[in-house]
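> This is the structure, below, for whatever I ask next.
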Amino acid sequence: MELTLGFSPCPNDTFIFYALLHGKINMKGLTFQPYLHDVEQLNRMAINHELDISKISFAAFLQVQKNYLLLTSGSALGSNCGPLLISKKQIAPAEMNNRSVAVPGIHTTANFLFDTFFPQHGVKTTMIFSGIEDAVINEIAETGVIIHENRFTYEKKGLQKVADLGELWEKSTGYPIPLGGIAIKRSIDKAISITVNELIRESVLYAFAHPEEAMEYVKLYAQEMDETVMRQHISLYVNDFTVNLGERGKAAVNRFFEIATERQSITVQTLPAFIC
Numbered sequence: 051m052e053l054t055l056g057f058s059p060c061p062n063d064t065f066i067f068y069a070l071l072h073g074k075i076n077m078k079g080l081t082f083q084p085y086l087h088d089v090e091q092l093n094r095m096a097i098n099h100e101l102d103i104s105k106i107s108f109a110a111f112l113q114v115q116k117n118y119l120l121l122t123s124g125s126a127l128g129s130n131c132g133p134l135l136i137s138k139k140q141i142a143p144a145e146m147n148n149r150s151v152a153v154p155g156i157h158t159t160a161n162f163l164f165d166t167f168f169p170q171h172g173v174k175t176t177m178i179f180s181g182i183e184d185a186v187i188n189e190i191a192e193t194g195v196i197i198h199e200n201r202f203t204y205e206k207k208g209l210q211k212v213a214d215l216g217e218l219w220e221k222s223t224g225y226p227i228p229l230g231g232i233a234i235k236r237s238i239d240k241a242i243s244i245t246v247n248e249l250i251r252e253s254v255l256y257a258f259a260h261p262e263e264a265m266e267y268v269k270l271y272a273q274e275m276d277e278t279v280m281r282q283h284i285s286l287y288v289n290d291f292t293v294n295l296g297e298r299g300k301a302a303v304n305r306f307f308e309i310a311t312e313r314q315s316i317t318v319q320t321l322p323a324f325i326c
């Protein structure tokens, strides 16, 4: 059986799915057709029910909860790994009122966190995450919310940190920051979904055991990125929660959903969010 699988070309995702896509583990009769896109495009594809399985921002999941459920493997969740709010000139958090901002997509967790902690912002512009640093440098926006590897590069470009949105989340909730997870269509047979969950877990473990092998695949999609940054990226976003969310991880995600529901007046389905 072949299933469509969407994930980003960022190092953490390609590291996670290397073994799965290259037959390095027992595939148990399943094959996958990969679609690599920016996280916001993946969010939109999930909203339109285009993929069987997809990486999705946790902030977008509540919009697709009727049609998808979350796997417990493959997630990006942790501490000290949240989006950063940056500026060209030094700006204090208290000075953010009415400041323009560039964000990496309306449906992203980064955008949700920014709106949560800085609701009185000015004009908001959405763009692909890789363009946000330049947008701030060129004063297209006074501030920007950066994700992924940009947290390792912004200082070298002379940009300033206004706030760490992940740190604000952790201090206000006591939970690690849930960034994104893997969603699978509810219409897929549960036994197959459980198998997919197990395969992703095994794929992560294989990459941990054979990091240099997995890195060759990572480099194919990050040719312009310094290898040190690639490895920092993977180290930050691929961790024990990626192998299995566990009760602590699920609690963090559920707390995120509670806050999102309160803020956005979204009706939560009675269907379970997680596969197990």
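For the sequence shown, the working numbering assigns the number 51 to the initial residue and increments by one for each residue that follows.
Glycine residues also receive a C-beta, built at the ideal position from the N, C-alpha and C atoms.
Just mark Leu163 as buried or exposed, buried being the case when its beta carbon has 16 or more other beta carbons within 10 Å.
Taking the sequence shown and counting its residues from 1, the one referred to as residue 163 is at position 113. The residue is buried, with at least 16 neighbouring Cβ atoms inside 10 Å.
> Need the endpoints of the beta strand (DSSP E) that Glu52 sits in, please.
Against the sequence shown, residue 52 aligns to sequence position 2. Residues 52-57.
> Which of helix, strand or coil does DSSP assign to Ile250?
Locating residue 250 in the sequence shown gives position 200, where the first residue counts as 1. In this structure, Ile250 counts as helix in the three-state DSSP scheme.
> How many whole angstroms separate the CB atoms of Asn93 and Thr158, which I take to be in contact at a CB cut-off of 8 Å?
Counting from one through the sequence shown, the residue named residue 93 turns up at place 43. Counting from one through the sequence shown, the residue named residue 158 turns up at place 108. Going by Cβ atoms, the distance from Asn93 to Thr158 rounds to 7 Å, so yes, they are a contact pair.
> My output table needs one value for Ile75: the three-state DSSP class, helix, strand or coil.
By 1-based counting over the sequence shown, the position of residue 75 is 25. Look at Ile75 here: in three-state DSSP terms it is coil, with no helix or strand label.
> What are the start and end residues of the alpha helix (DSSP H) that includes Val279?
Within the sequence shown, residue 279 is the residue found at index 229, counting from 1. Its alpha helix (DSSP H) spans residues 277-287.
> When we look at the beta-carbon of Ala241 and count the other beta-carbons within 10 Å, is it buried (16 or more) or exposed?
Position 191 of the sequence shown, counting from 1, holds the residue named residue 241. Exposed, since its Cβ has fewer than 16 Cβ neighbours within 10 Å.
> Spatial neighbours of Thr64 within its chain, please: CB distance less than 6 Å, with the 5 preceding and 5 following residues excluded, ordered by chain position.
Indexing the sequence shown from 1 puts residue 64 at position 14. Result list for Thr64: Tyr267, Val268, Tyr271, in chain order.
> I'd like to confirm the pairing. Which residues does DSSP put opposite Thr193 in its beta bridges?
Residue 193 sits at position 143 when you count from the first residue of the sequence shown. Beta-bridge pairing by DSSP links Thr193 to Ser137, Val151.
> Between which two residues does the alpha helix (DSSP H) holding Leu163 run?
Locating residue 163 in the sequence shown gives position 113, where the first residue counts as 1. Run containing Leu163: 159-167, per the alpha helix (DSSP H) assignment.
> Which value, in whole angstroms, describes the spacing of the CA atoms of Leu209 and Gly155?
As a working mapping, residue 209 is identified with position 159 in the sequence shown. As a working mapping, residue 155 is identified with position 105 in the sequence shown. Taking the straight line from one Cα to the other gives about 21 Å.
> For Ser123, does the three-state DSSP call read helix, strand or coil?
For the purposes of this step, residue 123 is taken as the residue at position 73 of the sequence shown. In the structure shown, Ser123 sits in coil (DSSP, three-state: anything other than H, G, I, E or B).
> Leaving aside the five residues before and after Lys138 along the sequence, list all residues of the same chain whose C-beta is less than 8 Å from its C-beta, in chain order.
Looking up residue 138 in the sequence shown gives position 88. Answer for Lys138: Val186, Ile187, Glu189, Glu192, Gly208, Leu209, Gln210, listed in chain order.
> What alpha helix (DSSP H) runs, 4 residues minimum, are completely inside the stretch 82-126?
89-97, 108-114
> Assign Ala142 to buried or exposed, taking buried as 16 or more other Cβ atoms, counted over all protein chains shown, within 10 Å of its Cβ.
As a first step, residue 142 is located in the sequence shown; it is residue number 92 there, counting from the start. It is exposed - the Cβ of Ala142 has fewer than 16 other Cβ atoms within 10 Å.
> Where DSSP assigns a beta bridge to Gly230, which residues make up the other side?
Indexing the sequence shown from 1 puts residue 230 at position 180. Partner(s): Ser107, Ala126.
> Can you pull the DSSP bridge partners for Lys211?
Taking the sequence shown and counting its residues from 1, the one referred to as residue 211 is at position 161. DSSP output for Lys211 lists Ile136 as bridge partner(s).
> Determine whether the beta carbon atoms of Leu135 and Met146 lie at a separation below 9 Å.
Walking along the sequence shown from the start, residue 135 turns up at place 85. Walking along the sequence shown from the start, residue 146 turns up at place 96. In contact: Leu135 and Met146 (Cβ atoms closer than 9 Å).
> Out of Thr175, Leu121, Leu119, Glu52, which has the shortest C-alpha to C-alpha gap to Ser150?
Position 100 of the sequence shown, counted from the first residue, corresponds to residue 150. Residue Thr175 is the option with its Cα nearest to Ser150.
> Assuming contact is defined by CB atoms lying nearer than 9 Å, are Tyr287 and Ala126 in contact in what I supplied?
Sequence index remark: in the sequence shown, residue 287 carries index 237 (1-based). Sequence index remark: in the sequence shown, residue 126 carries index 76 (1-based). Their beta carbons are under 9 Å apart, which means Tyr287 touches Ala126 by this criterion.
> Helix, strand or coil for Thr292 per DSSP?
Translated into the one-based positions of the sequence shown, residue 292 becomes position 242. Correct three-state label for Thr292: helix.
> Going by Cα to Cα distance, which pick from Ala264, Met95, Asn76 is closest to Asn117?
To locate residue 117, count along the sequence shown from 1; it is residue 67. If we check each option's Cα against that of Asn117, Met95 comes out closest.
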